[in-house]
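Input: a single structure, listed below in structure tokens.
In the working numbering, the protein residues as written are 2 to 474.
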């Protein structure tokens, strides 16, 4: 039985500017929070960029984007998700006028996409707050960032209104709960950050996101503007009602972000949380009305599921995408300890559909693995990444199941469609791509690009509109 995807389904891949572009100090770009995090999410922050930060050079996409987009077109991409580096447009973040050289780079990038009929899907803020806004304003804790972000959004919406139709406001916005510096540019150390300041920062991001929706629709009524959340479905470890409630409360922490973006108001369960934790969100006059500018669609990342339990003695932690959880004994894990659960993708698609009744877009999904470059049959180096093919095949089959469930799904962009510097570990050895990039954890390598086996597999998937996917017996 074949898998059926709708005509017009947006097949493609995803990257982030800070993980691929490099050129961290070229053409007027300012420093971002990523430029001072050489060991990734959990590592220490430096005062200035240091040579051991692989993200400073990335994979040199800034200079090689034409060749890379040509490879994406060869695979048949209908959409390419990338981000704009905020500090390329406003180097410090609070300037009155944008950096023209930064704007010109994205003009060329989006033109190159459209040359091949590839729709850009653009994230406004993808884990790279201008460092000046972080250090001088304490990131999103400060209400002034709303105005700086509004100016930035208005600038790029106006500049690219004829080139970009699909936009996302913040990447994995709920990740601020675990990584306030990376996600929210908050300079206060996590262990010293109060819940009051954390949730006030989240409120400021909600206001900024809603303003971006409003502004984007005013500038281009045809634009489709979505939110982007980190999805990590949480199962009760046992049928014990205490575990079910523990899982529900864990899910609320993530649903909160989608609920505000889609429904335009704070849900009751968060009002209870605020009361019980002594949190008082300061809302300026007009904030409630601003939040009513809700998103056109809901996009999300999906890599893993986790479990939750009320029994502290059973809390055996497993790794995950920023958030960790209780180990699921029924699942296997990747080399980085992320448990693999294809059915969880169908589950989360159903949960979001039932909750929001909005179009959904899977904008990150993939397998990070150590790839070995070998000589191919034609003598050209390649990677025999059958493990990645199996992972992606099984997840896309579950997307097909969700489509059969009647869910409207706009598209699918696999995460790091070309090898990138990992956000979580700042390694090159944690590879996700269909395209191998000859760069290594010590910074060595030619930066040459090589098609992996999965490159040809994904090309067939797109060409057949999913018909080539294989259901397990």
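Positions of the beta carbon are idealized from the N, C-alpha and C atoms, including for glycine.
A direct Cα-to-Cα measurement between residue 378 and residue 5 gives close to 33 Å. Within the stretch 116–171, the complete alpha helix (DSSP H) runs of at least 4 residues fall at 132–138 and 145–160.
Restricting attention to beta strand (DSSP E) runs no shorter than 3 residues, the stretch 411–473 encloses them at 436–438 and 450–452, ordered along the chain. One Cα belongs to residue 369, the other to residue 287, and the distance between them is close to 44 Å.
Ranked by how close their Cα comes to the Cα of residue 14, the residues 102, 26, 226 and 73 have 73 in first place. Short of 7 Å from the beta carbon of residue 145, and not among the five residues preceding or following it, lie these beta carbons of its own chain, in chain order: 138. Three or more beta-carbon pairs separated by less than 8 Å are not found between the stretch 273–284 and the stretch 386–404, which leaves the two stretches without contact. The Cβ atoms of residue 125 and residue 94 lie no closer than 8 Å to each other.
The C-beta distance from residue 119 to residue 81 rounds to 5 Å, short enough to fall under 8 Å. A direct Cα-to-Cα measurement between residue 132 and residue 31 gives close to 8 Å.
Segment contact: the stretch 254–274 against the stretch 220–234, three or more CB-CB distances shorter than 8 Å; contact assigned. Inter-residue distance for residue 245 and residue 239 is about 8 Å (C-alpha atoms, whole angstroms). Under a 10 Å Cβ-count criterion, residue 307 is classified as buried, with 16 or more other Cβ atoms of the shown protein chains found around its own Cβ. Annotation: residue 237 to residue 362 spans about 26 Å, alpha carbon to alpha carbon.
Bridge partners of residue 82 according to DSSP: 15 and 122. Judged by pairs of C-beta atoms under 8 Å, the stretch 51–58 does not touch the stretch 155–170, as fewer than three such pairs exist. Inter-residue distance for residue 112 and residue 159 is about 15 Å (C-alpha atoms, whole angstroms). Taking a cut-off of 8 Å for Cβ pairs, the stretch 466–473 and the stretch 444–452 do not touch, as fewer than three such pairs fall below it.
Assignment of residue 179 by DSSP, reduced to helix, strand and coil, places it in the coil class. Excluding the 5 residues flanking it on each side, residue 423 has same chain C-beta neighbours closer than 6 Å at 431, in chain order. Contact between residue 386 and residue 372 holds, since their C-beta atoms are separated by about 6 Å, short of 8 Å. Note that the C-beta distance between residue 345 and residue 415 is not below 8 Å. Classified as exposed, residue 375 has fewer than 16 neighbouring CB atoms from the shown chains inside 10 Å of its CB. In the structure shown, the three-state DSSP call for residue 402 is helix. Each residue's CA atom was taken as its position, placing residue 420 and residue 335 some 17 Å apart. Residue state for residue 358 is assigned as coil, using DSSP reduced to three classes.
Residue 175 is a Cβ neighbour of residue 258, given a cutoff of 8 Å. With a beta-carbon spacing of about 15 Å, residue 211 and residue 282 fall beyond the 8 Å limit used to define contacts. Shown here, residue 257 sits in a helix according to DSSP, grouped into three states.
For residue 230, the uninterrupted beta strand (DSSP E) run begins and ends at 225–232, by DSSP. Between residue 87 and residue 34, the gap from beta carbon to beta carbon reaches 8 Å or more.
Nearest C-alpha to residue 454 among 76, 8 and 71: 76. Nearest in C-alpha terms to residue 296, of all of 418, 191, 156 and 266, is 266. The three-state secondary structure of residue 51, taken from DSSP, is coil. Of the residues 436, 156 and 304, the one whose Cα lies closest to the Cα of residue 97 is 156. Under the three-state reduction of DSSP output, residue 96 falls in the coil class, being neither helix nor strand.
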